[in-house]
């Protein structure tokens, strides 16, 4: 993973001792549609610790090799989380049982951000209709998603669903965490919507992702908001360009739930973190022109 990854900037300032988590819904207070001009709300380090540390750690482990994840021998990323994580299946993404939170975790491997920018701006990956057989509740809503992300999601969707169902049954838990970074965040978002539709309503699903690129049109953003509500958050870091692509001007839109790192100190530790109400909060939006040849 690149040293410039927002995930690496997230981890140092978060303490290893978790505070009592608060509801992600309490962070945002509600959802929004289209571009929002609502004022961002500052978050304390305790709040960030409680809601983003564990997902960030799992997202980092997802970059390790399949063998290292399976044996839980991936150096710092694994040792930082302790030795009680039980990996249930692995292979680019992985599913694990986390005894400390009594949950099943789905973590998706990300992509080198420089390569991802090229993929996201490739004209061969336009918006396409969401697979209505996979997401029947979106039928007739004109939901469109990034073609490449949907293709990647489809390759693992059945395995992820079966693995989570088996994990919930075998471990006797009723909570699921879905996480990922960069492209892994986009795939994790599709996983989370699928799981919310296909799992029993009593299962608590939390979706916390990092460096999320835009994954679909405004109808997709609205569908995420309606399906996941305030149980979903996506963290962005300063001027990281990945969350700004694909651009809105070609029909893409972020869902609600952004938490943004506005500033870091000389050591790379975050000093200003805010929750941004609504979709595409314009208070934090700025324009970056990316030319990739």
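In my numbering, the protein residues as written are 11 to 303. Beta carbons are placed, not taken as given, at the ideal position from N, Cα and C, and that holds for glycine.
Closest residue to residue 183 among 108, 282 and 220 (Cα-Cα distance)
Position 173 of the chain shown holds residue 183. It is 108 whose Cα lies nearest to the Cα of residue 183.
Do you know offhand how far residue 227's Cα is from residue 261's?
By one-based count along the chain shown, residue 227 stands at place 217. By one-based count along the chain shown, residue 261 stands at place 251. Cα-Cα distance, rounded: 5 angstroms.
When the Cα of residue 95 is compared with those of 172, 162, 177 and 119, which residue comes out closest?
Indexing the chain shown from 1 puts residue 95 at position 85. For the residues 172, 162, 177 and 119, the minimum Cα distance to residue 95 belongs to 177.
Which residues share a DSSP beta bridge with residue 103?
Start at 1 with the first residue of the chain shown, and residue 103 comes out as number 93. Its beta-bridge partners are 101 and 118.
The alpha helix (DSSP H) spanning residue 215 covers which residue range?
In the chain shown, residue 215 corresponds to position 205, counting from 1. First-last for residue 215: 214–220, but that is the beta strand (DSSP E), not the alpha helix (DSSP H).
Tell me the DSSP secondary structure of residue 235 in three-state form.
In the chain shown, the residue the question calls residue 235 occupies position 225. Of the three classes helix, strand and coil, the one that applies to residue 235 here is helix, per DSSP.
Could you tell me the distance, in whole angstroms, from the CA atom of residue 220 to the CA atom of residue 190?
Here residue 220 refers to the residue found at position 210 when the chain shown is read from its first residue. Here residue 190 refers to the residue found at position 180 when the chain shown is read from its first residue. Cα to Cα, the separation comes out at about 6 angstroms.
Can you find the residues in the same chain that come closer than 7 angstroms, C-beta to C-beta, to residue 100, ignoring five residues on each side of it along the sequence?
Within the chain shown, the letter at position 90 stands for residue 100. 76, 79 and 80.
On the criterion of 16 or more Cβ atoms from any shown chain inside 10 Å, does residue 224 qualify as buried, or is it exposed?
Taking the first residue of the chain shown as position 1, residue 224 is located at position 214. Counting Cβ neighbours within 10 Å, residue 224 comes out buried, since at least 16 surround it.
I'd like to check one pair, residue 120 with residue 192: are the Cβ atoms closer than 7 angstroms?
Sequence index remark: in the chain shown, residue 192 carries index 182 (1-based). Sequence index remark: in the chain shown, residue 120 carries index 110 (1-based). Cβ distance < 7 angstroms, so residue 192 and residue 120 count as in contact.
Take every Cβ of the region 82–95, pair it with every Cβ of the region 151–170, and state whether three or more of those distances are shorter than 8 angstroms.
no
Does the separation of the CB atoms of residue 140 and residue 155 fall below 7 angstroms?
Within the chain shown, the letter at position 130 stands for residue 140. Within the chain shown, the letter at position 145 stands for residue 155. Cβ distance < 7 angstroms, so residue 140 and residue 155 count as in contact.
Between 276, 180, 59 and 270, which has its C-alpha nearest residue 105's C-alpha?
Counting from 1 along the chain shown, the entry for residue 105 is found at position 95. Minimum Cα distance to residue 105 is reached at 180.
Please report the straight-line C-alpha distance between residue 149 and residue 266, rounded to a whole angstrom.
Position 139 of the chain shown, counted from the start, is the residue given in the question as residue 149. Position 256 of the chain shown, counted from the start, is the residue given in the question as residue 266. If I take the Cα positions, the gap works out to 21 angstroms.
Could you tell me the boundaries of the beta strand (DSSP E) in which residue 243 lies?
The residue labelled residue 243 in the question sits at position 233 within the chain shown. Segment 242–247, the beta strand (DSSP E) holding residue 243.
Are there 16 or more other CB atoms within 10 angstroms of the CB of residue 110, so buried, or fewer, so exposed?
If you number the chain shown from 1, residue 110 lands on position 100. Under this definition residue 110 is an exposed residue.
Given a threshold of 16 other Cβ atoms within 10 Å of its Cβ, counted over all protein chains shown, does residue 67 qualify as buried or as exposed?
Locating residue 67 in the chain shown gives position 57, where the first residue counts as 1. Burial call: buried.
So residue 284 and residue 270 are supposed to be a Cβ contact under 8 angstroms. How far apart are they, rounded?
Within the chain shown, the letter at position 274 stands for residue 284. Within the chain shown, the letter at position 260 stands for residue 270. The Cβ separation is near 5 angstroms, so the contact holds.
Taking the C-alpha atoms as reference points, what is the distance between residue 214 and residue 205?
Taking the first residue of the chain shown as 1, we reach residue 214 at position 204. Taking the first residue of the chain shown as 1, we reach residue 205 at position 195. Their backbone Cα atoms lie some 10 angstroms apart in a straight line.
Provide the residue(s) that pair with residue 185 in DSSP beta bridges, ordered along the chain.
Walking along the chain shown from the start, residue 185 turns up at place 175. Answer by DSSP bridge pairing, in chain order: 214.
In terms of DSSP beta bridges, what is residue 270 paired with?
Position 260 of the chain shown holds residue 270. Residue 270 is bridged to 246 and 284.
Using DSSP with H/G/I as helix, E/B as strand and the rest coil, what is residue 289?
Numbered from 1 along the chain shown, position 279 holds the residue referred to as residue 289. DSSP places residue 289 in strand when its eight states are reduced to three.
Should residue 288 go down as buried or exposed, given a rule of 16 or more other Cβ atoms within 10 Å for buried?
As a working mapping, residue 288 is identified with position 278 in the chain shown. Answer is buried; the Cβ neighbour count reaches 16.
Excluding sequence positions up to five away, which residues of its chain have a Cβ less than 6 angstroms from the Cβ of residue 236?
Here residue 236 refers to the residue found at position 226 of the chain shown. Counting only Cβ-Cβ distances below 6 angstroms, and skipping sequence neighbours, we find nothing.
Am I right that residue 195 and residue 238 are in contact with their C-beta atoms under 8 angstroms? What's the rounded C-beta distance?
What you label residue 195 is simply residue 185 of the chain shown in a count that begins at 1. What you label residue 238 is simply residue 228 of the chain shown in a count that begins at 1. Between residue 238 and residue 195 the Cβ distance is about 13 angstroms, and since that is not below 8 angstroms, they are no contact.
Residue 137, enclosing alpha helix (DSSP H) - first and last residue
Indexing the chain shown from 1 puts residue 137 at position 127. Not the alpha helix (DSSP H): residue 137 falls in the beta strand (DSSP E), residues 137–139.
Return the CA-CA distance between residue 199 and residue 231, expressed in angstroms with no decimal places.
Translated into positions along the chain shown, residue 199 becomes position 189. Translated into positions along the chain shown, residue 231 becomes position 221. So the two alpha carbons sit approximately 10 angstroms from each other.
Please state whether DSSP places residue 226 in a helix, a strand or coil.
For the purposes of this step, residue 226 is identified with residue 216 of the chain shown, where counting begins at 1. Residue state, collapsed to three classes: strand.
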